[in-house]
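One structure below.
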Amino acid sequence: MPDDHPALDRLAEFGASDGLADFAEFLRVCAELTGFDEPELRATGMAQEHHRTTLAHRVRDDHALVHLWYVGAWPGEEPTSARAYDQGLVWRTFHAAPPGSAAPGHGSWAEAPRGGEKR
2 MPDDHPALDR LAEFGASDGL ADFAEFLRVC AELTGFDEPE LRATGMAQEH HRTTLAHRVR
62 DDHALVHLWY VGAWPGEEPT SARAYDQGLV WRTFHAAPPG SAAPGHGSWA EAPRGGEKR
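Just so you know, we're using this note's numbering here: the sequence shown kicks off at 2 and counts up by one.
Written out as structure tokens, the structure is:
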């Protein structure tokens, strides 16, 4: 990221997580950092939970916030919930479902995997 990144300036201006207590500002900063707009972040259903997680930690730079949104966990910690993992932006980025979160469909076991061969 370039040094003149506005979201980073806001984090520095707020003195880490102190200024992110305002939910609207939290979403604005996170939208800028993640590349997803505010409605997309809200659509994950995780905005409030991620805001609470952020307030419980000391945000020193943008990496922790991006990690939280993409992986569903604060760096070095387990996901805040199974839903946080399932709704991680990483899955939306490459249009996939997280392993084990979505059933493949009734009877799918009887068919060869895509690209696979039947034996």
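Beta carbons: idealized from backbone N, C-alpha and C, even for Gly. Given the structure is predicted, the values throughout are model-derived calculations rather than measurements.
Beta-carbon proximity of residue i to residue j, cut-off 7 Å
{"i": "Asp38", "j": "Ala32", "result": "yes"}
{"i": "Val67", "j": "Leu34", "result": "yes"}
{"i": "Leu21", "j": "Thr55", "result": "yes"}
{"i": "Met47", "j": "Ala98", "result": "no"}
Contact set for residue i: own chain, Cβ-Cβ below 6 Å, skip 5 residues either direction
{"i": "Ala65", "result": "Pro76"}
{"i": "Trp92", "result": "Pro99"}
{"i": "Asp87", "result": "Pro99, Ser102"}
{"i": "Gln49", "result": "none"}
Identity of the residues DSSP links to residue i by a beta bridge
{"i": "Pro80", "result": "Ala74"}
Whole-Å CB distance - residue i paired with residue j, under 8 Å assumed
{"i": "His58", "j": "Trp70", "result": "Not quite, the Cβ-Cβ distance comes to about 14 Å (not below 8 Å), so this is no contact."}
Residue-level contact to chain E via CB, residue i, 7 Å cutoff
{"i": "Ala83", "result": "Judged by its chain identifiers, the structure shown contains no chain E, having just a single protein chain."}
8 Å CB neighbourhood of residue i in its chain, flanking five on each side removed
{"i": "Arg43", "result": "Leu28"}
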